[in-house]
Each structure stands twice: as C-alpha cells, then as structure tokens.
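Participant:
Residue numbers (our numbering), protein chains in the order written: chain A, 32 to 221; chain B, 32 to 221.
See below:
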C-alpha cells in the first residue's frame, strides 16, 4: 500500500535492534484517516470472504481493528492481556511471548464472542516474529471458528513470523512489507 | 444519548460490586457503528472547541477515541501503561490507581505528541472513581496543553469521579449517566 509506505519513509525512524518507530502515526499517536485508508485496502483484499468479526490484540492493534471493522460493518474484538478481574466466565486463553519486553503473558477472549460460525479476520499493527499472531490464531482454532486470514499494517519480512504463518496455509496480507532497514532507511518488498 | 442508553438496557449486565458488564459492545467486543454514533455526538458537544487531538488511555478507550478522532479529523493519542521498552526519549508520566485490579501503575505519553498549543479532548469508556481520567488530566497539564473537556461513554454518577473532576472546572460530558443500578436494571440520570 503505497500511502503507508510513503508515510513510513517520511515519519518512521529506524532504531538499534531492528526497531522501526512509527509512534507518530501508528501505535502511540494514531492517524485515524490513514487507518481508514488501511481498512479500505483490507476490505479490497478480504471483502468477499464473508468476514463476521475482526480480531486483534491490545493495545496498539485496537485502533486499526476498529476502523477496519467499521469499513467491514462487523464488530471488532480484542484479546486481552490477562491482568484484569473484570472478565468473567469462560474464556479461551493462549500464551504469547514478547521479545520486546522479554515477558510471556496470557491472552484471553470470552467464549461468548468467538463462535464456531464466525469467519475471522485477524488485524494487527506489526508482524515480526509472529508470536502475537500465533496466539490469536490459536484462540480462533480453539473456538472452532474459520480464520479467513491476517491483515497486517507492517511486516518485517527479514524476521520469521510471516513465513511461519504462511507455511500453515494461512493467508497473510501486509500493507507494507519491509525487506530490510538500516539507518539509511527502509527497503520495501514489491 | 438515547441510543447508548438503550444498548446498555438491552445488552449490559449488572454484576456484584457495582460492576456493569458491557463487554458485548463496548470494551471487549466493540460495536464500531455505535462508536461512530458516539463520536458524532461528541462532535456535536465539542465540535466548536477547536480540538486538535483526542487523548485516551489503553486499552478499552482506544476504539472509541480512534473513531471519535476520525469524526473530528484530528489524531488520537493513547497513554501507555508503562511496561514496554519501546517508548524512547522524554515522556510525561503520571500515576493511576486501579480499584478494579488493586494496582497502581504509571501512564506515559511522549513529549512529542502533547504540545502546549494542543487543545485536548479526553475520551474514555468509563468514569467511576475518576482515577484514570485524573492521570490523563495531569499529563495534559504537564504539557501545558489546553484541556477542552472530557467525553465519557458511561459515567457511574453514584461514584465520586465525575463530581471531583467537574469541581475543578473541567467540562465533563457523559453519553450515558447512570444514577443507580441493581439486579433489576439500570436507572439513568436525565
């Protein structure tokens, strides 16, 4: 998606350790007009798949997921990182390891909102090592729902997550796919 | 806002301890069409205030904030609960005590996204004891930005947060204001 690539070139900053900072428009401050364009692009890609729900994980996936859900005309659902007493009843749970924080945490979704008849599009801001995405895919499988695919804002193609998930036969569409990056800038896969 | 009150009457569930569960449409599964109606109502209330940015706190405020930001045509910004290494540089920070979890945590916003010239509308899903909102208000003050007001989805009027914040001269608008609630249902303030 040219618009997102241009925005990354203009406002993204590459930091040590293969970190791409996009906090001015994607995951701290959020350009919701850009999210609308991203949601429309995801609708172009997945709009004929009968999607019934958009699934994401807190926190930085929620904005993109909600505006995508608005475009699709379906609800959004976010998996919670387990630390609240405020979810009751039966939940699906999976474990996610974060290489950023070094922590492993549980993610949970209520049984009531992930149903066998659901056709799920997973949406998230980043795909790098694929840990969060694999946790979400696990939740969809536990529910017996159909996974239509994954729509990702930014994929780091030089990390293994995208390959691992596509090898499972899952459709993954990235709106910006980064081949490599350095202090000199970002090279996109075309 | 009649539409939100009706939805609370239809799908909200009152639990022990003055907990109102609205996880089927507000803070776990999210009805983003409803969020659009809420964003339009907030625009009716605050649209002539020259708002430059919508500020919220992760996680459950993000969806409403993003769709409200879309309506206002301004960026959204969410305060992070401090646990990531991925925010660098200078941040404003404040402490928030959660009565739900019993924990006190730091919230942070980058200096780069909260500016003295900003006119901030704070948006959140709930106002009860006001702890999260007071943390956000503190961040706005530290930045020297102008606080236009607070737009809240659901206020529990029988808890002290709304009174405390209004006594500071801050405009607080709640789309649904709950006077009292019990197993028999919810009574709204009209």
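Ideal Cβ placement from N, Cα and C applies to all residues, glycine included. Computed from a predicted structure; not experimentally measured.
#1: Could you give the C-beta distance for residue 135/B and residue 127/B, rounded to a whole number, given that I count them as a contact under 8 Å?
#2: Check each residue of the stretch 86-97 of chain B: if its Cβ is closer than 7 Å to any Cβ of chain A, include it; give the result in chain order.
#3: Against residue 125/A, what residues of chain B qualify as contacts under a CB-to-CB distance less than 9 Å, listed in chain order?
#4: In the structure shown, what three-state DSSP assignment does residue 149/A receive?
#5: Using a Cβ cut-off of 7 Å, pull out every chain A residue sitting near residue 66/B, in sequence order please.
#6: Does the beta-carbon of residue 102/B have 16 or more other beta-carbons within 10 angstroms, so that it is buried, or is it exposed?
#7: Per DSSP, which residues does residue 204/B bridge with? Please list them.
#8: Please check the pair residue 100/B and residue 85/B, which I expect to be a contact at CB under 8 Å, by giving their CB distance rounded to whole angstroms.
#9: Does the stretch 73-81 of chain A come within contact of the stretch 52-72 of chain B, defined as at least 3 CB pairs closer than 8 Å?
#10: Quick check for students: name the residue ranges of the alpha helix (DSSP H) that lie wholly in the stretch 40-100 of chain A, counting only runs of 4 or more.
#11: Excluding five sequence neighbours on each side, which residues of the same chain lie with their C-beta closer than 6 Å to the C-beta of residue 205/B?
#12: Check each candidate in 198/B, 42/B and 93/B and name the one with the smallest Cα separation from residue 53/B.
#13: State yes or no: is the C-beta of residue 60/B within less than 9 Å of the C-beta of residue 141/A?
#14: Who pairs with residue 125/B in a beta bridge, going by DSSP?
#15: Below 9 Å between beta carbons: does that hold for residue 196/B and residue 168/B?
#16: Any idea if residue 46/A is buried or exposed, counting beta-carbon neighbours within 10 angstroms, 16 or more meaning buried?
#17: Would you mind reading off the limits of the alpha helix (DSSP H) that contains residue 171/B?
#18: Assuming the contact rule is C-beta atoms closer than 8 Å, residue 107/B and residue 94/A should be a hit. Round their C-beta distance to whole Å, please.
#19: Please confirm if residue 141/B has its CB atom under 9 Å from at least one CB of chain A.
#20: Give the DSSP-derived three-state secondary structure of residue 157/B in the structure shown.
#21: If you count every other CB in all the chains shown that lies within 10 Å of the CB of residue 33/A, and 16 or more means buried, which is it?
#22: Classify residue 56/B as buried or exposed, calling it buried when 16 or more other Cβ atoms lie within 10 Å of its own Cβ.
#23: Mark residue 179/B as exposed unless 16 or more other C-beta atoms lie within 10 angstroms of its C-beta, in which case mark it buried.
#24: Quick check on DSSP: helix, strand or coil for residue 105/B?
#25: Straight-line CA distance for residue 174/B to residue 200/A?
#26: Less than 8 Å between C-beta atoms, sequence neighbours within five positions excluded: which residues of the same chain meet that for residue 213/B?
#27: Can you name the residues of chain B whose CB is closer than 8 Å to the CB of residue 30/A?
#28: Count the other CB atoms, across all protein chains shown, that sit within 10 Å of the CB of residue 146/B; report buried if there are 16 or more and exposed otherwise.
#29: Please compile the residues from chain B whose C-beta is within a distance smaller than 8 Å of the C-beta of residue 111/A.
Facilitator: Quick look at the numbers:
#1: Against the second chain, residue 135/B aligns to sequence position 104. Against the second chain, residue 127/B aligns to sequence position 96. The distance from the Cβ of residue 135/B to that of residue 127/B is about 7 Å, consistent with a contact at the 8 Å cut-off.
#2: 89, 90, 93, 94 and 97
#3: By one-based count along the first chain, residue 125/A stands at place 94. Residues of chain B passing the Cβ test: none, with the nearest at roughly 16 Å.
#4: Numbered from 1 along the first chain, position 118 holds the residue referred to as residue 149/A. Residue state, collapsed to three classes: coil.
#5: Numbered from its first residue, the second chain carries residue 66/B at position 35. Within 7 Å Cβ-Cβ: 97.
#6: For the purposes of this step, residue 102/B is identified with residue 71 of the second chain, where counting begins at 1. With 16 or more Cβ atoms within 10 Å of its Cβ, residue 102/B is classed as buried.
#7: For the purposes of this step, residue 204/B is taken as residue 173 along the second chain, with counting starting at 1. 182/B.
#8: Walking along the second chain from the start, residue 100/B turns up at place 69. Walking along the second chain from the start, residue 85/B turns up at place 54. For residue 100/B against residue 85/B, the beta-carbon gap comes to about 4 Å, under 8 Å, which counts as contact.
#9: no
#10: 63-77
#11: On the second chain, position 174 is the one that residue 205/B refers to. Closer than 6 Å at the Cβ level, and outside the excluded window around residue 205/B, lie 183 and 186.
#12: Your numbering for residue 53/B matches position 22 in the second chain. Residue 53/B has its Cα closest to that of 42/B, out of 198/B, 42/B and 93/B.
#13: As a first step, residue 60/B must be located in the second chain, where it is residue number 29. As a first step, residue 141/A must be located in the first chain, where it is residue number 110. Yes; because the gap between Cβ atoms is below 9 Å, this pair is in contact.
#14: Mapped onto the second chain, residue 125/B falls at position 94. Residue 125/B pairs with 138/B.
#15: As a working mapping, residue 196/B is identified with position 165 in the second chain. As a working mapping, residue 168/B is identified with position 137 in the second chain. For residue 196/B and residue 168/B, yes; Cβs fall inside 9 Å.
#16: Locating residue 46/A in the first chain gives position 15, where the first residue counts as 1. Exposed, by the Cβ-count rule.
#17: Translated into positions along the second chain, residue 171/B becomes position 140. Run containing residue 171/B: 162-174, per the alpha helix (DSSP H) assignment.
#18: For the purposes of this step, residue 107/B is identified with residue 76 of the second chain, where counting begins at 1. For the purposes of this step, residue 94/A is identified with residue 63 of the first chain, where counting begins at 1. Going by Cβ atoms, the distance from residue 107/B to residue 94/A rounds to 7 Å, so yes, they are a contact pair.
#19: In the second chain, the residue the question calls residue 141/B occupies position 110. So, interface residue.
#20: Here residue 157/B corresponds to residue number 126 of the second chain, with the count starting at 1. Residue 157/B: strand per DSSP, three-state reduction.
#21: The residue you call residue 33/A lines up with position 2 of the first chain. By the neighbour-count rule (16 or more Cβ atoms within 10 Å), residue 33/A is not buried but exposed.
#22: By 1-based counting over the second chain, the position of residue 56/B is 25. Residue 56/B comes out buried.
#23: Reading the second chain from its first residue, position 148 is the one you call residue 179/B. The residue is buried, with at least 16 neighbouring Cβ atoms inside 10 Å.
#24: Position 74 of the second chain, counting from 1, holds the residue named residue 105/B. Residue state, collapsed to three classes: coil.
#25: Locating residue 174/B in the second chain gives position 143, counting from the first residue. Locating residue 200/A in the first chain gives position 169, counting from the first residue. So the two alpha carbons sit approximately 48 Å from each other.
#26: Taking the first residue of the second chain as 1, we reach residue 213/B at position 182. Contacts found: 45.
#27: In the structure as shown, chain A begins at 32 and stops at 221. Residue 30/A is therefore absent and cannot be evaluated.
#28: For the purposes of this step, residue 146/B is identified with residue 115 of the second chain, where counting begins at 1. That one is exposed.
#29: Against the first chain, residue 111/A aligns to sequence position 80. In chain order: 59 and 90.
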